[in-house]
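Residue numbers (this note's numbering): 30 to 528.
Structure follows, in structure tokens:
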């Protein structure tokens, strides 16, 4: 199989290193192509540099099917065109389906439904979160204006409504929305659809996970759920309890680099902020008791490499051994939620503060510093990043990927992807997921070695180099990516996880 991939520019099999003349340089035998604006991506730029340094890769035009590796921009890949008519299997740097956790609304939908289906509480993995649709009336700037927005009701009320109409709660597993209304749109649209639904009920005692999510997605195309009523009910409940400052954070579903984020303990301010803009949003419970470093808040960024190279429907997960803590520039306060320099640790925000970089270079700390923070925080306990923090992180990563396993497996072609996960840790040491990044950047001190290690895992180990006489190169013991687990699908479609 590798011999079909190892060809020189004339299309003939590459000659063995034993027969090649030592005085002549070996010609490139592998080809890559770049699509969209991928060349502007930090990881892609360094990947291309690594390929050029190896001397056995050359760039080919995108409209040809002669390349072995396709480097895409933000996952915009037409897989049918990529694989159609290709003389060999093409490896690409994006997995099909990862947007279902990198979009904040989709992450919420999938993780919440997956946990409900498996009897788990999603708030053990991430803070309580609600989907909010902007009510911006401008039809030009708001693509959602022409569609119907259905306001979700609290789960108990939804169940009562479903029971009155003779429906079962199992029909909307994982969706805290207006159950009866959604089903009416699904089943009542035509007799044909009703027949299909009835056949499914009779033929199967339980819908598969993928069938449930596809049906829910189809319903959402007609009606867009707004959970602001559920959020307001939770907000009022928290306010009455008086156990916290009742702060929440609003985030744009597709926002990045600290854009379109607001923290407040006023529900009115948050909803007005959202309705003054457009699109899809989430409102998430703000972690008011974060662990601090020198009195300042920080979050955790980790990098996870996901590969799909096995002939079986299987994903392998790797954790990079070095992460970063992104630290705020101002001391933490749970009484002033209007100051972004206190609460939003994203570098794009913090770099605008006059004291940015004063305490740490680029307001960043590494895991070695993190160990010191943990030791100082838990003086009477033996706590470390490797022993106490990373196991929680790996478990959350496993759960998020498992929640979309049916979309990720099988992949249309061999693929890999580097994802960036953001977490916050509480003063008690509990790790909570904030978001998943599709095209994560990293610090200049880490990017070089990280990408070199990535190329060694996903490229060198699968494309035999001419310098090694056609043999696969072994992964170095010093490689920073550690294999942490795998997810696979058995013939019946059941998800199996190994951590």
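Here a beta-carbon is modelled for each residue, glycine too, at the ideal position from N, C-alpha and C.
Selected residue, minimal CA-CA separation from residue 398, among 374, 493, 146, 354:
354
Residue closest to residue 137, alpha-carbon to alpha-carbon, out of 464, 125, 336, 484
464
Spatial neighbours of residue 264 within its chain, please: CB distance less than 8 Å, with the 5 preceding and 5 following residues excluded, ordered by chain position.
275, 277, 296
Can you confirm whether the segment 330-344 touches the segment 438-449 when touching is taken to mean that 3 or more C-beta pairs between the two stretches lie within less than 8 Å?
yes
One question on the structure: do residue 478 and residue 509 come within less than 8 Å of each other, judged by their Cβ atoms?
yes
State buried or exposed for residue 455, treating a residue as buried only when at least 16 other CB atoms are found within 10 Å of its CB.
exposed
Within 10 Å of its beta-carbon, does residue 512 have 16 or more other beta-carbons around it, so buried, or fewer, so exposed?
exposed
Proximity winner among 281, 284, 294, 362, relative to residue 271 (alpha-carbon distances)
294
For residue 445: DSSP bridge partner residues
336
Can you check whether the CB of residue 160 is closer than 8 Å to the CB of residue 134?
yes
Distance between residue 109 and residue 469 (C-alpha atoms, nearest Å)
26 Å
For residue 380, which beta-bridge partners are listed by DSSP?
For residue 380, which the question treats as bridged, DSSP gives no partner whatsoever.
Bridge-paired residues (DSSP) for residue 330
353, 451
Cβ-based burial, residue 281 [other Cβ within 10 Å; buried from 16]
buried
For residue 430, which residues from the same chain have a beta carbon less than 8 Å from its beta carbon, with the 5 sequence-adjacent residues on both sides left out?
130, 335, 344, 346, 437, 516
Can you grab the Cα-Cα spacing for the pair residue 485 / residue 63, in whole Å?
19 Å
Taking residue 434 and residue 524 to be in contact with their CB atoms under 8 Å, please state how far apart those CB atoms are, rounded to whole angstroms.
5 Å
How is residue 427 classed by DSSP in three states: helix, strand or coil?
helix
Looking at residue 374: is its Cβ nearer than 8 Å to the Cβ of residue 407?
no
Among 298, 155, 285, which residue has its Cα nearest to the Cα of residue 452?
155
Under the three-state DSSP convention, the category residue 478 falls into
helix
State the beta-bridge partners of residue 526 as determined by DSSP.
516
Compare the beta carbon distance of residue 371 and residue 361 with 8 Å and say whether it is the shorter of the two.
yes
Give the straight-line distance between the Cα atoms of residue 198 and residue 258, rounded to the nearest whole angstrom.
Residue confidence is low: residue 198 scores 36 on pLDDT, short of 50, so the model does not pin down where it sits. Its coordinate-derived value is still stated next. In a straight line, the C-alpha of residue 198 is about 20 Å away from that of residue 258.
In chain order, what residues of the same chain have a beta carbon less than 6 Å from the beta carbon of residue 98, not counting five sequence neighbours either side?
61, 120
Near residue 462, what residues of its chain come up, given a Cβ to Cβ distance below 8 Å and the 5 sequence neighbours on each side ignored?
154, 155, 425, 429, 450, 451, 452
Would residue 168 be called buried (16 or more neighbouring beta carbons within 10 Å of its own) or exposed?
Per-residue confidence for residue 168 stands at a pLDDT of 38, beneath the threshold of 50, marking its modelled position as unreliable; the derived number appears in the next sentence. Label assigned to residue 168: exposed.
Decide if residue 392 is buried, meaning its Cβ has at least 16 other Cβ atoms within 10 Å, or exposed.
buried
Output the boundary residues of the beta strand (DSSP E) element that contains residue 466.
460-466
For residue 457, count neighbouring Cβ atoms within 10 angstroms of its own Cβ and tell me buried if that reaches 16, exposed if not.
exposed
To the nearest angstrom, report how far apart residue 72 and residue 84 are at their CA atoms.
19 Å
Could you check what DSSP says for residue 325 in three-state terms: helix, strand or coil?
strand
Candidates 163, 405, 363, 254: which alpha carbon is nearest residue 302's?
163
Under the rule that 16 or more other beta-carbon atoms within 10 Å means buried, what is residue 80, buried or exposed?
buried
Roughly how many whole angstroms lie between the Cα atoms of residue 150 and residue 290?
26 Å
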